[in-house]
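Right, one structure below, let's go through it.
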Amino acid sequence: MKAIILSGGLGTRLRPLTYEIPKALIPVQGKTLTEHVIDVLKKLEINEIILSIGYLSEKIEEYFGDGSKFNLNISYAIEKQAMGTAGPLMLLPKINETFVMVNGDNLFNLDFKKMLQLHKKNKATATIALTKVEDPSHFGVAKLQEDKILEFIEKPKKEEAPSNWINSGYYILEPEVFDIAKEKDFAMMEKDIFPKLAKDGKLFGYRDNGQWFDTGTFESYERVKKEWNIKIN
């Protein structure tokens, strides 16, 4: 299987650290954030990775190269201007098989094999790994009917949230998502791709209680440096 890692963000909330270092290369426990994301992907024995990059892209390419020093095959989708989280679906040739997409600033110690089994069982076009939070009012919250995602409610009041399950930034996708993104010059997975799939009954959620971190703020970055712990099966 192939995996796309979204690593093109500016990392504005981590400035001044990200003025010189792209977020993909910030250090976590002795290696880069992206290497930890790759560790998660190894749970599916993925060894072909596409890094979707933009900001300070040359530094990321210089560090990872063709991936051979990591025993991987790494290629790149380079955004000359911001294209949104669905940018790679517009830049890349269509991937004609089930593939994975992950937000490069999120770490999730999930059971990826179980998620893939559920994806296949449901004949889903997209399956989103969902993580449970105590206060969902800062996130897009999944409204679920068993495994089917009916919609995401953005930043609801805590007492009005349809669940405590939020989008973790880890997706298993089918080639059909490329067709939805085509003919656009800017598209978001969260606003343009997933709502259409939900409307068509093709969007599903996989709930997992594994350790999850969003490294977008200094507070969460400090936590991930101390607490992140993953074992590759």
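Terminal number for the sequence shown in our numbering: 235, no gaps in between. By construction, the Cβ of each residue, glycine as well, lies at the ideal position given by its N, Cα and C atoms.
In this structure, the beta-carbon distance from Val102 to Leu53 does not fall below 8 Å. For Lys145, the beta-bridge partners assigned by DSSP are Glu153. In the three-state DSSP reduction, Asn166 falls in the coil class, being neither helix nor strand. Between Tyr57 and Leu27, the gap from beta carbon to beta carbon reaches 8 Å or more. Burial is judged here by how many other beta carbons sit within 10 angstroms of a residue's own beta carbon; Glu176 has at least 16 and is buried.
Here Asn105 is buried: its Cβ has 16 or more other Cβ atoms, across all protein chains shown, within 10 Å. For Tyr65, the enclosing alpha helix (DSSP H) stretches over residues Ser59 to Phe66.
Around the beta carbon of Thr87, 16 or more other beta carbons sit within 10 angstroms, so the residue counts as buried. DSSP places Thr133 inside the beta strand (DSSP E), whose first and last residues are Ala128 to Lys134. Between the alpha carbons of Ser59 and Val39 lies a distance of about 18 Å.
Here Leu175 carries a strand assignment [DSSP, helix/strand/coil]. DSSP places Ser77 in the uninterrupted beta strand (DSSP E) bounded by Asn75 to Ile80. In this structure, the alpha-carbon of Thr34 lies about 10 Å from that of Pro24. A buried status is given to Asn108, since no fewer than 16 other beta-carbon atoms sit within 10 Å of its beta-carbon. Bridge partners of Gly207 according to DSSP: Ile130. Between Lys125 and the set Lys204, Ala144, Gly142 and Ile80, the nearest pair of CA atoms involves Lys204.
A straight-line Cα-Cα distance of about 7 Å links Gly212 and Phe110.
Excluding five sequence positions before and after Asn166, the CB atoms of its chain that fall closer than 8 Å to its own CB belong to Lys134, Val135, Glu136, Pro138 and Val143, given in chain order.
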